[in-house]
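Take a look at the structure below.
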Amino acid sequence: MATLSDPHPTLHAYNTLSKKKEPFRTVQAGKVGIYLCGPTVYDKAHIGHMVGPVIFDCIKRYLTYCGYDVTWVVNITDVDDKLINKANERGISMLEVAEENIKDYNDNLSALGVDQIDHFPRATDCMDEIIGFVKALVDEGFAYESAGDVYFDVAKDTNYGKLSNRSVDSMQGEGGGTAERKRGLADFALWKSAKPGEPAWESPWGNGRPGWHIECSAMSKKLLGETFDIHGGGLDLVFPHHENEIAQSECCHSKPMVTYWAHNGLLRASSAAGKVGGRGERDRKSSADEQASGKMSRSKGAGGLADLIARQGGERIRFFLLRTHYRSTVLFNEPAIEEAGSGLDGFYRLFKRYHRITGKDFYAIESPSTREAGAIEPGNDDVLKAAATCREKFLTAMDDDFNTGGAIGELFELAKIINKFCDQANLEDGGKNDSAAIVSLEKMLTTLKELSAILGIFSHPPQDSGGGDELLDPVMQLLIDLRAEARANKNFTTADAIRDGIGPLGIALEDRGGGTEWTGGDAGSLEGLMQLLIALRQTARANKDFATSDTIRDRLATIDVTLEDRPGGTEWTRS
RNA sequence: GGCGCCGUGGCCAAGUGGCUAAGGCAUCGGAUUGCAAAUCCGACAUCGCCGGUUCGAAUCCGGCCGGCGCCUCCA
901 MATLSDPHPT LHAYNTLSKK KEPFRTVQAG KVGIYLCGPT VYDKAHIGHM VGPVIFDCIK
961 RYLTYCGYDV TWVVNITDVD DKLINKANER GISMLEVAEE NIKDYNDNLS ALGVDQIDHF
1021 PRATDCMDEI IGFVKALVDE GFAYESAGDV YFDVAKDTNY GKLSNRSVDS MQGEGGGTAE
1081 RKRGLADFAL WKSAKPGEPA WESPWGNGRP GWHIECSAMS KKLLGETFDI HGGGLDLVFP
1141 HHENEIAQSE CCHSKPMVTY WAHNGLLRAS SAAGKVGGRG ERDRKSSADE QASGKMSRSK
1201 GAGGLADLIA RQGGERIRFF LLRTHYRSTV LFNEPAIEEA GSGLDGFYRL FKRYHRITGK
1261 DFYAIESPST REAGAIEPGN DDVLKAAATC REKFLTAMDD DFNTGGAIGE LFELAKIINK
1321 FCDQANLEDG GKNDSAAIVS LEKMLTTLKE LSAILGIFSH PPQDSGGGDE LLDPVMQLLI
1381 DLRAEARANK NFTTADAIRD GIGPLGIALE DRGGGTEWTG GDAGSLEGLM QLLIALRQTA
1441 RANKDFATSD TIRDRLATID VTLEDRPGGT EWTRS
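With our numbering applied, the first sequence covers 901 to 1475.
See the structure below:
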């Protein structure tokens, strides 16, 4: 084996090839090449396609943070049987099918904060490299032509099966129509001859298209070299895809293809999923079958990823995926994403608290981007010591095969330390002027930013998933003012009526020293708020409290909302 | 049949030989609040079962029970 760099002092990575965690060494000192198998773009992406990109996005961020110069490649398979079938079904070209789904894939990636990918090679853009690779294998005697197809001769590769731990005899290979063209059942296609009308490229073996496995060998070689550091993909790709990649590349180059094989666990549909739409709790029998657990796939009803993101927001989904170690199976269901979101909300509240205290925006904090620069010097400060310990534990978890789940635990711990500090130093009130305390606070939030940046979260405020109405804020301000007045007058009946009235609309109030804040709300909330205001105004009028009733109408008028009293009740319109 | 993974509190989930088994969600007390919410404090598990190795195991070995994956396209 080629000599690798000295190991990183602390980082270890699991290797599917050795089935062990190994000290992290690189092909070239200070550099890391990562190749992740991307999607075959014959249809829209589903949530399962996001697992690999999210975890490798974190892996790249962490390696960069640790000082490596990282290049990350995700390939796009834009030529294969399924694409051709899809194109025929829809009466459009294969290229159009691909373009459409690549856009969908990219949109989903960016919604989940995956923005670290350096190269997105497409199989159809690398035909020369692919054909060259096949030709080299044929020339070396590892592959043979048969009736316009080219097959890899598995019998020539004595190491075949080392990744998936299989013996050649136990393999079925592609049966069916191609069996008689092959020398061995386990032989797999490098090049497939084209039928009339199919997309095809010229080659020494006639017109055809590449097999699935060869594109990854060719593209990784083109962009990362003959030996590179990390090759990732879903656990379901170990065999045959990655096994075949190894066979192709290592026979061709006579050297290791990859140092670390990293495979993420698969998403599983949870049978306990509380499906939206399945109202009837009673007819479990029929719906239970449909929700039978199994790997997430289109046939199991996965999909609607864009809708899911619209409902939940990308950050929740990313956080949900990172809570579990990447090699584990994740049971997927929407309530679980919401639960992850509840945890996330605590961080968002902390950021608001930080803003209340300092007037500064958490998202604007510039945090250290390297491991060395981020070290805290706590001195004798117990709080900073505790924060520094959290940071150490976070990094230890990440060092241990990118244990994002363990790392997230430390993030929560750090948030608690900060909240406690704010409480004890009374920072929302008199302590605001304690400049030493503010400095400590800033240090801890900077650390929080530094660590969350490794996970790729909290870089932007979460987008409003509900699509809030622009009237929501002024209407809420009016309600908050009315409630404040009621409270000042010890009229708690009215004050509580307001709070209890907006609660069911998905909006929560938090009374702070400096005023009342509100959170939540979606497109459907406004109507309920208006009805609440109308009811409050009716009550006021019934009590001859015309000051209040007029205030409501006048304040609404300033935001271009008109109330009209009619015999059947009051209606509101916006102009 | 072959290869492999998993089983930690109500739910999710770190921890893979040694301090009182992280953390999140939920629940129950307490501080705080006009009452709430938020925040903080506290309560809440001996790690599927049995046996073995060891001074010592959730962590290693064996058996059993239960769940899952790959062996065909798949992130």
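Beta carbons: idealized from backbone N, C-alpha and C, even for Gly. Given the structure is predicted, the values throughout are model-derived calculations rather than measurements.
* Could you give the uninterrupted runs of the alpha helix (DSSP H) lying entirely in the region 1345-1375, keeping only those of 4 residues or more? -> none
* Simplified DSSP state of Asp1485, which is helix, strand or coil -> Not covered by the structure: residue 1485. The range shown for the chain is 901 to 1475.
* Asked: Would you report the Cα separation of Gly1306 and Asp1299, rounded to the nearest angstrom?
  -> 11 Å
* To do: Tell me where the beta strand (DSSP E) around Asn915 begins and ends.
  => 912-915
* Going by beta carbon distance, what residues of the same chain come within less than 6 Å of Leu1409, once the five residues before and after it are set aside? -> Arg1399, Thr1416, Trp1418
* For Phe1358, collect the residues of the same chain with a Cβ closer than 6 Å to its Cβ; drop the 5 residues on either side in sequence, then sort them by chain order. => Ser1352
* Asked: Does DSSP put Ser1117 in a helix, in a strand, or in coil?
  -> helix
* When the distance is taken between beta carbons, is Asn1164 closer than 8 Å to Leu1135? -> yes
* To do: Would you kindly check if the distance between the Cβ of Phe1247 and the Cβ of Ala1118 is under 8 Å?
  => no
* What does DSSP give as the partner residues of Phe1052 in its beta bridges? -> Ala1043, Phe1088
* Could you name the residues of the same chain whose beta carbon sits closer than 8 Å to that of Pro1021, not counting the 5 residues immediately before and after it, in chain order? => Val973, Asn975, Ile976, Met1119, Lys1122, Leu1123
* **Minimum length 3: unbroken beta strand (DSSP E) runs contained in the region 928-974** => 931-936, 969-974
* Environment of Tyr1005 [buried if 16+ CB atoms lie within 10 Å] -> buried
* Asked: In whole angstroms, what is the alpha-carbon distance linking Gly1174 and Val997?
  -> Caution is warranted here: a pLDDT of 25 is assigned to Gly1174, below 50, making its placement in the model unreliable, and the coordinate value is therefore given only provisionally. In a straight line, the C-alpha of Gly1174 is about 33 Å away from that of Val997.
* Could you work out which residue in Gln928, Arg1441, Lys919 is closest to Asn1065 when comparing CA atoms only? => Lys919
* Do you know how far the Cα of Gly1424 is from the Cα of Glu1115? -> 49 Å
* Cβ neighbour criterion (16 or more within 10 Å) applied to Ser1349 -> The question names Ser, but residue 1349 in the sequence shown is Lys. So Lys1349 counts as buried.
* To do: Could you tell me whether the Cβ atoms of Cys958 and Arg1271 are closer together than 8 Å?
  => no
* Using the beta-carbon count (16 or more within 10 Å), is Asp1057 buried or exposed? -> buried
* Assumed close pair Trp1112, His1131 - CB separation to whole angstroms, cut-off 8 Å -> Between His1131 and Trp1112 the Cβ distance is about 15 Å, and since that is not below 8 Å, they are no contact.
* Three-state secondary structure (DSSP) of Phe1220 -> helix
* **Residues bridged to Ser1131 [DSSP beta-bridge criterion]** => According to the sequence shown, residue 1131 is His rather than Ser. Looking at the DSSP assignment, His1131 forms a beta bridge with Tyr935, Trp1161.
* **Proximity below 8 Å, CB of Arg1291 to CB of Thr1229** => no
* State whether the region 915-929 contacts the region 937-948, with contact taken as three or more CB pairs (one from each stretch) at a distance under 8 Å. => no
* Asked: Can the beta-carbon of Arg1109 be found less than 8 Å from the beta-carbon of Lys1092?
  -> yes
* Can you grab the Cα-Cα spacing for the pair Tyr968 / Pro953, in whole Å? => 19 Å
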